[in-house]
Amino acid sequence: MEVSQIINPINDNNYDDDITVTDVPKGRFLAVTANKVSDDGTKREITVQLFQLEQATGGTQSTNSGLFVKGDKELSIKVTVSQDGTELATNEQAYP
């Protein structure tokens, strides 16, 4: 399983993040469950979880973070994919 992201500048300090995850098991789907700034303010931390849904086809799936405002000290975005409390994949990328 691999996770990738495309950070989209919208305007001013407004961004969103297109997140793609490969090899999602059949019967699972992606959902963003957290989008927060790290305690030191230098990193945005986005958590994506895999949830059960019988009809989900699996494979490569994408989701979006939703709009957020970049903090003054933020340098990068770290996306963590997990399932049932187990970390499956991570990706960290600097802002464009």
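Going by this note's numbering, the first residue of the sequence shown is number -9, and it counts up by one from there. Glycine included, C-beta positions come from ideal geometry on N, C-alpha and C.
Item to check | Residue nearest to Asp6 in terms of C-alpha spacing, selected from Lys63, Thr80, Asn25 and Thr32 | outcome: Looking at the Cα atoms, Asn25 is the closest of the given residues.
Checklist entry - Bridge partners of Gln45, per DSSP? => result DSSP, once it has assigned bridges, lists no residue as partnering Gln45.
Item to check | From Asp30, Val27 and Ile9, residue whose alpha carbon lies closest to that of Leu20 | outcome: The shortest C-alpha to C-alpha distance from Leu20 to any of Asp30, Val27 and Ile9 is the one to Ile9.
Next on the checklist: When you compare the segment 25 to 35 with the segment 43 to 51, are there three or more beta-carbon pairs, one atom per stretch, that lie closer than 8 Å?
Outcome noted: Here the segment 25 to 35 does not lie against the segment 43 to 51, with fewer than 3 beta-carbon pairs under 8 Å apart.
Next on the checklist: According to DSSP, is Leu104 part of a helix, a strand, or is it coil?
Outcome noted: Beyond the ends of the chain as shown, which are -9 and 86, falls residue 104; an answer cannot be given.
Checklist entry - By a C-beta neighbour count over all protein chains shown, 10 Å radius and 16 as the cutoff for buried, is Leu78 buried or exposed? => result Here Leu78 is buried. Its C-beta has 16 or more other C-beta atoms within 10 Å.
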